Each structure stands twice: as structure tokens, then as C-alpha cells.
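Taking it in order: structure first as C-alpha cells, then the write-up.
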Amino acid sequence: MKAQLWFCLILSVAGLFLSSWIVVPAPTLALLPLAVGAPEISPLLLIGNGVVLGVTLLQRLKNWKRFLAIACSCVGLLFSLLPILQLPTTVQQADLMLRNALGDQYLMQVSEVQKAQMRSHPFVLTNLLQGISIPTVQPSIQSFSTADATRLRLELYQPETAQLHPAIVAIYGGAWQRGEPAQNATFHRYMTAQGYTVIAISYRHAPQYQFPTQLQDVQAALQWVGENATAFKIDLNRVALIGWSAGAHLAMLAAYQTSPIPIRAVVSYYGPVNLLDGYYDPPQPDPINTTAVLETFLGGSPTQLQQRYEQASPIRYVKPGLPASLLVYGDRDHVVQSVYGRQLYNQLRQTDNIAVWLPIPWAEHAFDAVFRGLGNQVALFYTERFLAWALQ
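In C-alpha cells form, the structure reads like this:
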């Protein structure tokens, strides 16, 4: 009996520790994965805390270990319940956002075949338990030339059917310092199965290469897409950009300025939009040392390079007639604060652009790294619908 109580106590403390990261921000980069992952698996933590609580309540011995285990499990239950309680309102607001921006009948022109391939609900518990079904799609490895003739790699994911397909150009994140095209391969395969050609591109990294090299590399990749569209059955009239974090920043810069090919839409997963404000008002806590990251990317501080900071800020390029934008941000993001994404959304709407604001209240930065997680299921549900509308 005593051994069972010790076991319950250990499990209850572990459950509380994991669940606490749903509300406690990560103070360091090493702890960031806990703050990213805990909210995403909160339904599993809820179940685990509940089971431990139930087993502990069945124990007959009434001592401090039992009471402490009960207390830890109860607090863990409350923490793990928070994202689940926020889910209905989040979905309701997201539905309203899409209808307001795209129209009540925004999916009317999407084929029934494509609709059938989409997720049926914003969150499915069995997907969290078993994973989201992802077909096996092997990319072909290609390369493209930058403006100075450097060869960079891209990965091309193609549907099996032979007709022209809409295309999604995908740009990975990594503080502009690291990453590779395969970084979001699960998403790439998922979208390819829905009939999109996905081109996952690469770009050169800081500190060896500083802005605007990264943007120029993205533009060179888009030039390659235009030159090879016929060979790879890409419909150049239906191209969207998507990026994550630093990649979302580059995607927005490319979409909001003159592009080598027409861009229908851009999807930003937690991309920086105002680098000046981000430098002077970093998140608290700041696990990645935002000012150091920006100085490495841009070559100095705003005092030294204010014009470059402005040139590298997507919000500076907002004007009428931009591609439709989907902005996906976690409200608990301590790398790229969602307040800046909201500022971009407001400015896009004020200039009569089509924009959708999709905040995930419980989510940290890079929440979609847990592809089956609560936040990514919601984001994926609306991202696939936005792209189906934009590229129909």
C-alpha cells in the first residue's frame, strides 16, 4: 500500500510538472519544448492526471503522501483543462473570421473531391492519440541558382495525377540561422495528398549571410518555379506562399513586394512583422534572446541600421491590392509575440486587403511541431480551407 502511494505521488508530481508548462512560459531555449508541447497534448495530460487522481483516491491510507498526490493531480487537472475550455470559443471565432474575410459561401467553388480530403472537424481526439494520417510522398530533389550563381536545394512534392496543380511554396524557419527544406515534411506531404504541388525551398543563413540575401534567395526560388512550371505541371495562376517563423517573415516580404511570379495568397505561421518594435520590445521571458537574433540577421542594432530594420519589416509594405493573408499566431508565443501579427492584420484590413486572423490562445511558438496536437489540428483545419479558397 505504501509503495502504491509513493508511485501515485511520483506520477501526480510528474503530471503537475508537465501540465504547469501550459501556463508557465519557458525562461530558456532548453525549456521551450516543454512550453510548446504541453498545451498541444493537454487532453492526454487531462486523462493522465484524472487517472492518477482516481487511483490515489482509492488508496485507503490517509497520510501526507496521499493528500499531496491528490493536490498535485487536482492542480494538474486544472492546468490541462485550460486549452480544452478555450477550444470552442477559438473555433467559433475562427469560423467567423473566415466567413467575414472570404464570404459565407467561400467553399462553394471548391470541388467535392477536395472537400472530402479535408479534416472533418477542427479537433479529433483519435488524431491526437493515433496521429493524423499522412500518405507517403517522396520528394524529388532539385536545385536553383541565386543571383550570384550559388546553387541551393529545394524539395518538390508532386501529386500523382497528371493535370496542372496549384502550388504551395514552403519556407522553413530557424531564426534565419538554421533549417532545411525537409523541416516541415509532414505538412508538405499532407498538402500534396490534397492535390497541391509543394515546393520546399532553402535560403542562405546568418551570420555568414545577412539580410537581404535571404529574401533574394526566396525570389530566386520563385523565379525557378516560374521557369519550370510547365515541366512540373504547376499552375502559375494558383500559387501561394507559406512560412514558419523566420520563413513566414520571408514569405510575407516576398508576397507583399514585386514577385517573379503571381502570388495568390500567403500563410504566416507566427512570422515576425515589425523588426524595429520586436527589437525594442522583446517578449518576457525571452528564451531565444531576440535582440541578438535580430542583430545577427541584420548585421547590427537599429541605432546602426534603422533603415535596414524597416526594409526587413513586412508591415512596412502593406498597401492595397496585396495577396490574401492568413495569419496564424499563438497568444502565448514568447518568441514572436502575437500582438505584432494582430497589428499586421489590422493594417491589412484598413487598406482593404483580404486577411484572416487566426490566434491560438493556448499556443506557444512552433506549436505545430506537435503535428497531431490540439493547436495544430485547429490551424490545419483552417489553413487547408483558406488555401482551397485562395487557389481554387
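Position 105 (the sequence shown) corresponds to 105 in full-length UniProt numbering; numbering is contiguous.
All residues carry an ideal CB built from backbone N, CA and C; glycine is no exception.
On a predicted model such as this, the values are computed, not experimentally measured, just so you know.
Q: Return helix, strand or coil for His165, following the three-state DSSP convention.
A: On the sequence shown, position 165 is the one that residue 165 refers to. Of the three classes helix, strand and coil, the one that applies to His165 here is strand, per DSSP.
Q) Looking at the unbroken alpha helix (DSSP H) that takes in Pro43, where does it start and where does it end? A) Residue mapping note: residue 43 aligns to position 43 of the sequence shown, counting from 1. Counting along the chain, the alpha helix (DSSP H) containing Pro43 begins and ends at 42–57.
Q) Taking Gly247 as the reference, which of Val218, Tyr256, Arg264 has the closest Cα? A) The residue you call residue 247 lines up with position 247 of the sequence shown. Ranking the options by Cα distance to Gly247, first place goes to Val218.
**Q.** Bridge-paired residues (DSSP) for Leu322
**A.** Translated into the one-based positions of the sequence shown, residue 322 becomes position 322. Per DSSP, none; premise fails for Leu322.
(Q) Using only the alpha-carbon positions, how far apart do Trp224 and Ser145 sit? (A) Counting from one through the sequence shown, the residue named residue 224 turns up at place 224. Counting from one through the sequence shown, the residue named residue 145 turns up at place 145. Looking at the two C-alpha atoms, the distance is approximately 8 angstroms.
Q | Among Ala182, Glu160, Trp176, nearest to Val169 - alpha-carbon criterion | A | Position 169 of the sequence shown, counted from the first residue, corresponds to residue 169. Nearest option by C-alpha distance: Ala182.
Q. So, using beta-carbon positions, are Ile360 and Phe371 closer together than 8 angstroms?
A. For the purposes of this step, residue 360 is taken as the residue at position 360 of the sequence shown. For the purposes of this step, residue 371 is taken as the residue at position 371 of the sequence shown. No. Outside cutoff.
Q.
Between which two residues does the beta strand (DSSP E) holding Gln210 run?
A. Indexing the sequence shown from 1 puts residue 210 at position 210. Where Gln210 is concerned, there is no enclosing beta strand (DSSP E), given that its DSSP letter is neither H nor E.
Q: Look up Thr197 in the DSSP assignment and give the residues it is bridged to.
A: Looking up residue 197 in the sequence shown gives position 197. Under DSSP, Thr197 shares a beta bridge with Ala167.
**Q.** Pro43 beta carbon less than 8 angstroms from that of Ile70
**A.** Within the sequence shown, residue 70 is the residue found at index 70, counting from 1. Within the sequence shown, residue 43 is the residue found at index 43, counting from 1. No; because the gap between Cβ atoms is not below 8 angstroms, this pair is not in contact.
Q: Could you tell me if Arg178 is buried or exposed, where buried requires 16 or more neighbouring beta carbons within 10 angstroms of its beta carbon?
A: As a first step, residue 178 must be located in the sequence shown, where it is residue number 178. Counting of Cβ neighbours within 10 angstroms places Arg178 among the exposed residues, the total staying below 16.
Q: Flag this pair as touching only if the stretch 270–290 and the stretch 308–320 have three or more C-beta atom pairs under 8 angstroms; answer yes or no.
A: yes
Q | Between the CA atoms of Pro39 and Ile22 - distance to the nearest angstrom | A | Here residue 22 refers to the residue found at position 22 of the sequence shown. Here residue 39 refers to the residue found at position 39 of the sequence shown. Distance between the alpha carbons of Ile22 and Pro39: 5 angstroms.
Q. Is DSSP giving Leu154 helix, strand or coil here?
A. Your numbering for residue 154 matches position 154 in the sequence shown. The answer is strand: DSSP assigns Leu154 an E or B state.
Q. How close, in whole Å, do the beta carbons of Arg342 and Leu98 come, if the pair is a contact with beta carbons under 8 angstroms?
A. For this step, residue 342 is matched to residue 342 along the sequence shown. For this step, residue 98 is matched to residue 98 along the sequence shown. Contact doesn't hold; Cβ gap of about 17 angstroms is too wide.
Q) Is the distance from the Cβ of residue 398 to the Cβ of Leu327 below 8 angstroms? A) No statement about residue 398 is possible, as the shown extent of the chain runs from 1 to 392 and does not include it.
Q) What runs of the alpha helix (DSSP H), each 4 residues or longer, lie entirely inside the stretch 210–293? A) 213–227, 246–256, 275–280
Q. When we look at the beta-carbon of Ile141 and count the other beta-carbons within 10 Å, is it buried (16 or more) or exposed?
A. In the sequence shown, counting from the first residue as 1, residue 141 sits at position 141. By the 10 Å Cβ count, Ile141 comes out exposed.
**Q.** Gln142 in three-state terms, based on DSSP
**A.** Counting from 1 along the sequence shown, the entry for residue 142 is found at position 142. Reduced to three states, the DSSP call for Gln142 is strand.
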